[in-house]
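Residue numbers (the UniProt record's numbering): 1 to 351. C-beta atoms are modelled at their ideal positions from N, C-alpha and C, and glycine is treated no differently. All values reported here derive from a predicted model rather than from experimental measurement.
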Ligand code: WQD
């Protein structure tokens, strides 16, 4: 049974990928310092898979502690690297923290991968590397543009660092460019836990519907799109997770080649903000309280993926449509509220 190291295994996409890897016969360990996550999702992973995920609470910026994990697990057959800061707006306010955290972590990890000859490295990248594309849908050959935020710059630099690493030392690497991951596991045992006020659309929708946010803002309806609101490629987090399992298996099957692959992980469908809201209202039966506000600086008007290379090369079959994305996101939001109420009952001090 091949052992895979997932960094950021306690996070949103990381936890869903851990579940998919376990369900597909892999042994999994995680490195997550819980600076931007909690161990809450570990319970959900155990409920779904029956397995207790071993998480090493290590800061990847600490090389010695990271190396120690590899020394304790010399049989690591692949690494999937999620752990990074990812809030676009925050990165504009704290660029140095983003460059230090996201790039130092990556370089330390690659030093360990090189030392232990782990010839299988998957990097969590983002469609943000395409900036505001001139032509949509975008393929993997669409030229990348200067990043619109330090967060996006760390993804672009990360891709560069990995490409040079793979070329110079001869390693198999895969860059996965996510579009907009949304939704939650169908069991509602794991999902997205945004820290503070959610920046992303779908958690903002579900937290408005559940009453955590009084009224949601739609950032602009005067764009050159079919209904004036921005267009994105929303993709279910479980479809994203399974693509990681397929990418790791793809490299294991290729054995000791020096393959550098890039895949667009999108649904291939463009959906506007207002269409996403309508889909949520239809599946939840809730009337969403929102108003149209000013545009958000840095927003791309329209982007969605041509995902055919990933579908064909990885044999990737997508299972969830926009309605399932909204249904599972809503079920998860309701589950979190139930758990919060249960915790308040058990710990009155939380009230
Ligand atoms: C989508 C649309 C907003 C909130 C970013 C990163 C990307 C990835 C996902 C990490 C936009 C609108 C949003 C709200 C709104 N990050 N919106 N009201 O900006 O496409 O992508 O997050 O993996 O790399 O760039 O996602 O969900 O923030 O916004 O109107 O309260 O929803 O203006 O048009 P985005 P998003």
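**Prompt:** Do residue 3 and residue 27 have their CB atoms nearer than 8 Å?
**Reply:** yes
Can you check which of these residues, 288, 149, 278 and 220, is closest to residue 85 by C-alpha distance?
149
message = Counting beta carbon pairs with one atom in the segment 208 to 216 and one in the segment 68 to 85, are three or more of them shorter than 8 Å?
response = no
Check: At a cut-off of 7 Å, is residue 144 close to the ligand WQD when judged by its beta-carbon and the heavy atoms of the ligand?
Finding: no
Which of the three DSSP states is assigned to residue 187 in this structure?
coil
Q.
Helix, strand or coil, according to DSSP, for residue 286 in the structure here?
A. coil
Segments assigned alpha helix (DSSP H), at least 4 residues, entirely inside the segment 118 to 201
150 to 169
Have a look at residue 23 and residue 11 and give me their C-alpha separation to the nearest angstrom. 18 Å
Extent of the continuous beta strand (DSSP E) to which residue 313 belongs:
Taken as a continuous stretch (DSSP letters only), residue 313 belongs to no beta strand (DSSP E), being part of the alpha helix (DSSP H) at 308 to 314.
Exercise. When DSSP builds the beta bridges, which residues end up paired with residue 263?
Worked result: 176
Beta bridge counterpart(s) of residue 55 as assigned by DSSP: 30
Q. Are the beta-carbon atoms belonging to residue 182 and residue 231 less than 8 Å from one another?
A. no
### Message
I'd like the span of the alpha helix (DSSP H) that includes residue 107, first residue to last.
### Response
95 to 115
Does the beta-carbon of residue 294 have 16 or more other beta-carbons within 10 angstroms, so that it is buried, or is it exposed? exposed
- prompt: Tell me the DSSP bridge mates of residue 302?
  reply: 231
Residue nearest to residue 176 in terms of C-alpha spacing, selected from 316, 50 and 339: 316
Would you call the segment 152 to 172 and the segment 119 to 126 touching, i.e. three or more CB-CB distances under 8 Å?
-> yes
Just checking residue 289 against the ligand WQD - is the residue's beta carbon closer than 7 Å to any of the ligand's heavy atoms? no
Own chain partners of residue 298 with C-beta closer than 7 Å, once the 5 adjacent residues on each side are dropped = 88, 148 and 149
Practice item. Thinking residue 190 and residue 15 are a contact (beta carbons under 8 Å), I'd like their distance in whole angstroms, please. Key: 5 Å
**Message:** Below 7 Å, is the gap between the Cβ of residue 86 and the nearest heavy atom of the ligand WQD?
**Reply:** yes
Taking 7 Å as the cut-off, is the beta-carbon of residue 36 closer than that to any non-hydrogen atom of the ligand WQD? no
Report yes if the C-beta distance between residue 82 and residue 6 is below 8 Å; otherwise report no. yes
Measuring from the CB of residue 199, is there a heavy atom of the ligand WQD at a distance below 7 Å?
-> yes
With the cut-off set at 8 Å, would you say residue 54 and residue 30 are in Cβ contact?
yes
Next item on the list: Measure the alpha-carbon distance for residue 359 versus residue 292 and round it to whole angstroms.
Entry: Residue 359 cannot be examined here, being either before or after the span of the chain that is shown, 1 to 351.
Beta-carbon spacing of residue 320, residue 193 below 8 Å: no
### Message
On a Cα-Cα basis, can you pick out the residue from 259, 178 and 44 that is closest to residue 233?
### Response
178
Open item on the list: Going by DSSP in three states, residue 213 sits in which element: helix, strand or coil?
Closed with: coil
- Task: Could you pull out every residue in the same chain whose Cβ sits closer than 6 Å to the Cβ of residue 59, ignoring the five residues on either side in sequence?
- Result: 33
Q.
Going by the DSSP bridge assignment, what does residue 345 pair with across the sheet?
A. BP columns for residue 345 are empty, so no partner.
If you follow the alpha helix (DSSP H) that residue 318 is in, where does it begin and where does it stop? Residue 318 -> no alpha helix (DSSP H), and no H or E assigned at all.
Exercise for review: Specify the secondary structure class of residue 377 as computed by DSSP and reduced to three states.
Suggested key: Residue numbering for the chain in the displayed model covers 1 to 351; residue 377 lies beyond these limits and cannot be assessed.
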